[in-house]
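The block underneath contains the structure these notes are about, expressed in structure tokens.
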Amino acid sequence: MNCYKTPLLFSRLFESGDLSQCSEEDSIDRNLELIITTCPGEHKFDPGFGCDIWELDFENVVSVQRWESNFVNYISNAIRKYEPRIREIETTVHFFDVKNQHEFSGAISIRKRVDIRINAEILSSDKKCAFLYSLYLGPLTSD
Numbered sequence: 000m001n002c003y004k005t006p007l008l009f010s011r012l013f014e015s016g017d018l019s020q021c022s023e024e025d026s027i028d029r030n031l032e033l034i035i036t037t038c039p040g041e042h043k044f045d046p047g048f049g050c051d052i053w054e055l056d057f058e059n060v061v062s063v064q065r066w067e068s069n070f071v072n073y074i075s076n077a078i079r080k081y082e083p084r085i086r087e088i089e090t091t092v093h094f095f096d097v098k099n100q101h102e103f104s105g106a107i108s109i110r111k112r113v114d115i116r117i118n119a120e121i122l123s124s125d126k127k128c129a130f131l132y133s134l135y136l137g138p139l140t141s142d
């Protein structure tokens, strides 16, 4: 199976006749990150592509447990739908408060960071692997 690095550099294709390749695990890792950080509706050719965690970004949290459960479920559902090369998917999240002091104003802000760990098994090789991502909430951004 050929897996290509993204972004695709078509200049390389025209110069040397090939594109940069990567391992299947790296390809899956890049796709998982893309799934998690894409808001449904952003992808022109598949409006459903992405992860519904964006819906939770500014939600008024009534129950932290329910909010976290929805967060994990949204990620797991998106992965099952858009990454068919893995199975036995287990998603865990850990939330942290991160304190930042702004360089010029000295103002202190506290943001929520979520560390996402996805354990899975690659179908083609039965290899167990783990993928790690960090996001900041409110507004949602990647690390």
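First residue of the sequence shown? That's 0 in numbering that gives the first Met the number 0, and the numbers climb one at a time after it.
Just so it is clear, CB atoms sit at the ideal spot from N, CA and C, and this is done for glycine as well.
Computed from a predicted model, the values in this text were never measured in an experiment.
Please go through the same chain and pick out, in chain order, the residues whose beta-carbon is closer than 6 Å to the beta-carbon of D96, but skip the five residues on each side of it.
So the qualifying residues of the chain are I109.
So, under 8 Å CB-CB, I35 and I115 are touching, yes? Tell me the CB distance rounded to an integer number of Å.
Indeed, because the Cβ distance is near 7 Å, the residues count as touching under 8 Å.
Ignore the nearest five residues each way along the sequence and tell me which others in S22's own chain have a CB closer than 7 Å to its CB.
For S22, where only same-chain residues beyond five positions count, the Cβ hits under 7 Å are C2.
Cα-Cα, which of G40, T37 and H93 is closest to I68?
Here residue 68 is Ser; the residue named in the question, Ile, does not match the sequence. The candidate whose alpha carbon is nearest that of S68 is H93.
Straight-line CA distance for L134 to G16?
Each residue's Cα considered, the two are about 37 Å apart.
Going by DSSP in three states, T37 sits in which element: helix, strand or coil?
Correct three-state label for T37: coil.
Kindly list the residues whose CB is nearer than 6 Å to the CB of E89, restricted to its own chain and excluding five residues on each side of it in sequence; keep chain order.
Closer than 6 Å at the Cβ level, and outside the excluded window around E89, lie N118.
So, for G40: in the same chain, excluding its five sequence neighbours on each side, which residues have a beta-carbon less than 6 Å away from its beta-carbon?
Hits under 6 Å: P46.
So which of V61, N30 and S62 has the shortest CA-CA distance to G49?
Ranking the options by Cα distance to G49, first place goes to N30.
Could you please give me the residues that DSSP links to V92 through a beta bridge?
Paired residue(s): I115.
Using the DSSP secondary-structure output, state which residues sit across from L131 in a beta bridge.
R116.
Where DSSP assigns a beta bridge to R86, which residues make up the other side?
In DSSP, R86 forms a bridge with E120.
Could you work out which residue in K43, N72 and F44 is closest to E54 when comparing CA atoms only?
Checked all of K43, N72 and F44; the closest Cα to E54 is N72.
Grouping DSSP H, G and I as helix and E and B as strand, with all else coil, what is L31?
L31: helix per DSSP, three-state reduction.
I need the DSSP call for S10, collapsed to helix, strand or coil.
Here S10 sits in helix by DSSP.
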